[in-house]
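When you line the sequence shown up against my numbering, it's residues 62 to 310, in that order. No residue lacks a Cβ here, since even glycine has one placed at the ideal position from N, Cα and C.
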Amino acid sequence: MKKLIVANFKMNQQPSDVKNYFIKFVSLFTGVRADVVICPAYLDIPLAKFLTNQSPVKIGAQNVSDEEEGAFTGEVSAKMLKAQGVEYVLIGHSDRRIKFKESDKLINKKIKTALKNGLKCIVCVGETLADRNTERTYEVIRKQLDEDLRGLYENELESVIIAYEPIWAIGTGNNASVKDVENAAKVIRRAINENFSEKASRDIQVLYGGSLNEKNYAPLLSCTGIDGGLFGGLSLNVNALLNIANSIK
Ligand code: PGA
Numbered sequence: 062m063k064k065l066i067v068a069n070f071k072m073n074q075q076p077s078d079v080k081n082y083f084i085k086f087v088s089l090f091t092g093v094r095a096d097v098v099i100c101p102a103y104l105d106i107p108l109a110k111f112l113t114n115q116s117p118v119k120i121g122a123q124n125v126s127d128e129e130e131g132a133f134t135g136e137v138s139a140k141m142l143k144a145q146g147v148e149y150v151l152i153g154h155s156d157r158r159i160k161f162k163e164s165d166k167l168i169n170k171k172i173k174t175a176l177k178n179g180l181k182c183i184v185c186v187g188e189t190l191a192d193r194n195t196e197r198t199y200e201v202i203r204k205q206l207d208e209d210l211r212g213l214y215e216n217e218l219e220s221v222i223i224a225y226e227p228i229w230a231i232g233t234g235n236n237a238s239v240k241d242v243e244n245a246a247k248v249i250r251r252a253i254n255e256n257f258s259e260k261a262s263r264d265i266q267v268l269y270g271g272s273l274n275e276k277n278y279a280p281l282l283s284c285t286g287i288d289g290g291l292f293g294g295l296s297l298n299v300n301a302l303l304n305i306a307n308s309i310k
């Protein structure tokens with residue numbers, strides 16, 4: 062199976078940067094070794110969709126409202142994203158959990174609303190440095206998964222991808238080790254097995270994210286139980302992302 066590479070631009074790139082980025086990416090991406098999902102800012106989604114029209118590159122959003130529609134000033138609904146041709150959405154990124162105080166209950170509602178509207182959810186989980194230092198990593202991930210996926214039907218998991226993103230590794234230059242990532246993948250798959258089924262635990266795609274770069278991505282993304290990676294900082298460099306997407310094994 063091809064690896065899945067997800068790029069999260071966060072609140073970076075101006076529309077002119079996005080235009081040049083996608084023109085280059087689309088013209089040089091082979092699509093042979095990896096599936097690629099790029100998540101630009103909401104405002105750049107129509108342009109990104111237009112420029113990836115004839116390409117295997119998929120577009121994701123970085124966030125979505127838990128509400129279907131109505132008086133929610135500043136929010137963007139799953140239906141609106143779907144209408145723009147968006148296929149994926151990041152939910153539960155630590156930026157949202159910490160800086161925007163999103164709870165597991167809200168994340169669970171967002172996932173349900175996104176799934177109902179036909180979006181694939183990339184659900185991010187991961188521990189803080191304090192959790193890690195007190196050996197609570199697996200307990201924290203397990204609690205997040207139990208609460209975030211509560212009430213989902215097993216067949217809905219076909220549209221759910223889990224990204225293990227230790228918070229201490231995001232944007233810090235300190236990536237998790239192969240052993241950390243393999244253990245986390247086991248905990249994630251065990252949670253899926255116990256809450257859904259063995260088949261679901263085997264089939265679900267699990268990604269690693271947190272300070273991935275051109276030097277460390279190969280061992281981290283070929284860990285047992287890992288199907289791809291979520292790239293933040295590196296993904297702003299089109300040549301670096303292209304190099305990884307075209308050469309990953
Ligand atoms: P990073 O970000 O690759 O810059 O650590 C990853 C993420 O936030 O998803």
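(message) Measuring alpha carbon to alpha carbon, tell me which residue in S155, R158, A139 and G294 is nearest Y149.
(response) Along the sequence shown, one-based indexing puts residue 149 at 88. Residue A139 holds the alpha-carbon nearest to the alpha-carbon of Y149 among S155, R158, A139 and G294.
(message) Could you check if I253 belongs to the surroundings of ligand 1, using beta carbon to heavy atom distance under 7 Å?
(response) Counting from 1 along the sequence shown, the entry for residue 253 is found at position 192. No - ligand 1 has no heavy atom lying nearer than 7 Å to the Cβ of I253.
(message) At a threshold of 7 Å, does E275 count as lining ligand 1 (C-beta to nearest heavy atom)?
(response) The residue given as residue 275 occupies position 214 in the sequence shown. Distances between the C-beta of E275 and the heavy atoms of ligand 1 are all 7 Å or more.
(message) Measuring alpha carbon to alpha carbon, tell me which residue in L151, S220, L176 and Q115 is nearest N69.
(response) Residue mapping note: residue 69 aligns to position 8 of the sequence shown, counting from 1. Selected option, being the one with the closest Cα: L151.
(request) Name the residue from E215, F161, K181 and K166 whose alpha carbon lies nearest to the alpha carbon of K119. (result) Position 58 of the sequence shown holds residue 119. Per the Cα distances, K181.
(request) Drop a sphere of 10 angstroms on the beta-carbon of F292, count the other beta-carbons inside from all chains shown, and report buried for 16 or more, exposed for fewer. (result) For this step, residue 292 is matched to residue 231 along the sequence shown. The residue in question, F292, is buried, as its Cβ has 16 or more Cβ neighbours within 10 Å.
(message) Taking 6 Å as the limit between beta carbons, can you name the residues of its chain near V98, skipping five residues before and five after?
(response) The sequence position of residue 98 within the sequence shown is 37, counting from 1. Counting only Cβ-Cβ distances below 6 Å, and skipping sequence neighbours, we find V67, K119, G121 and Y149.
(message) Is L291 near ligand 1 - that is, is its Cβ less than 7 Å away from at least one heavy atom of it?
(response) The residue labelled residue 291 in the question sits at position 230 within the sequence shown. Flag set: Cβ of L291 near ligand 1.
(message) By DSSP's criteria, K64 is part of a beta bridge. Which residues make up the other side?
(response) Here residue 64 refers to the residue found at position 3 when the sequence shown is read from its first residue. A95, per the DSSP bridge assignment.
(request) Alpha carbon to alpha carbon, how far is E136 from V93? Give it in angstroms, no decimals. (result) As a first step, residue 93 is located in the sequence shown; it is residue number 32 there, counting from the start. As a first step, residue 136 is located in the sequence shown; it is residue number 75 there, counting from the start. Distance between the alpha carbons of V93 and E136: 36 Å.
(request) Could you pull out every residue in the same chain whose Cβ sits closer than 7 Å to the Cβ of E217, ignoring the five residues on either side in sequence? (result) Locating residue 217 in the sequence shown gives position 156, counting from the first residue. Counting only Cβ-Cβ distances below 7 Å, and skipping sequence neighbours, we find L176.
(request) Give a yes or no on whether the minimum CB-CB distance between K160 and chain D is below 8 Å. (result) Of the protein chains in the structure, only one exists, and it is not chain D.
(message) Need the endpoints of the beta strand (DSSP E) that L268 sits in, please.
(response) The sequence position of residue 268 within the sequence shown is 207, counting from 1. From DSSP, the beta strand (DSSP E) with L268 extends over Q266 to G270.
(request) Verify the contact flag: S238, CB atom, against every heavy atom of ligand 1, threshold strictly below 7 Å. (result) On the sequence shown, position 177 is the one that residue 238 refers to. No, ligand 1 has no heavy atom inside 7 Å of this Cβ.
(message) Cutting at 7 Å between CB atoms, please list the residues of its own chain near G286, excluding the five before and the five after it.
(response) Working through the sequence shown from its first residue, we reach residue 286 at position 225. Here the set comprises E243, A246, K247, R250 and V267.
(message) Within the continuous alpha helix (DSSP H) that includes V201, where are the two ends?
(response) By one-based count along the sequence shown, residue 201 stands at place 140. T198 to D209 is the span of the alpha helix (DSSP H), which, as asked, contains V201.
(message) Is it buried or exposed, N81, if we count other Cβ atoms within 10 angstroms and call 16 or more buried?
(response) The residue given as residue 81 occupies position 20 in the sequence shown. The residue in question, N81, is exposed, as its Cβ has fewer than 16 Cβ neighbours within 10 Å.
(request) Compute the minimum distance between the beta carbon of S272 and the heavy atoms of ligand 1, and state whether it is under 7 Å. (result) Taking the sequence shown and counting its residues from 1, the one referred to as residue 272 is at position 211. Yes, since a heavy atom of ligand 1 falls inside the 7 Å radius drawn around the Cβ of S272.
(request) Answer yes if the segment 254 to 268 comes into contact with the segment 301 to 310, meaning at least three C-beta pairs across the two stretches below 8 Å, and no otherwise. (result) No, the segment 301 to 310 does not touch the segment 254 to 268.
(request) Verify the contact flag: G187, CB atom, against every heavy atom of ligand 1, threshold strictly below 7 Å. (result) For the purposes of this step, residue 187 is identified with residue 126 of the sequence shown, where counting begins at 1. Incorrect: G187 has no Cβ contact closer than 7 Å to ligand 1.
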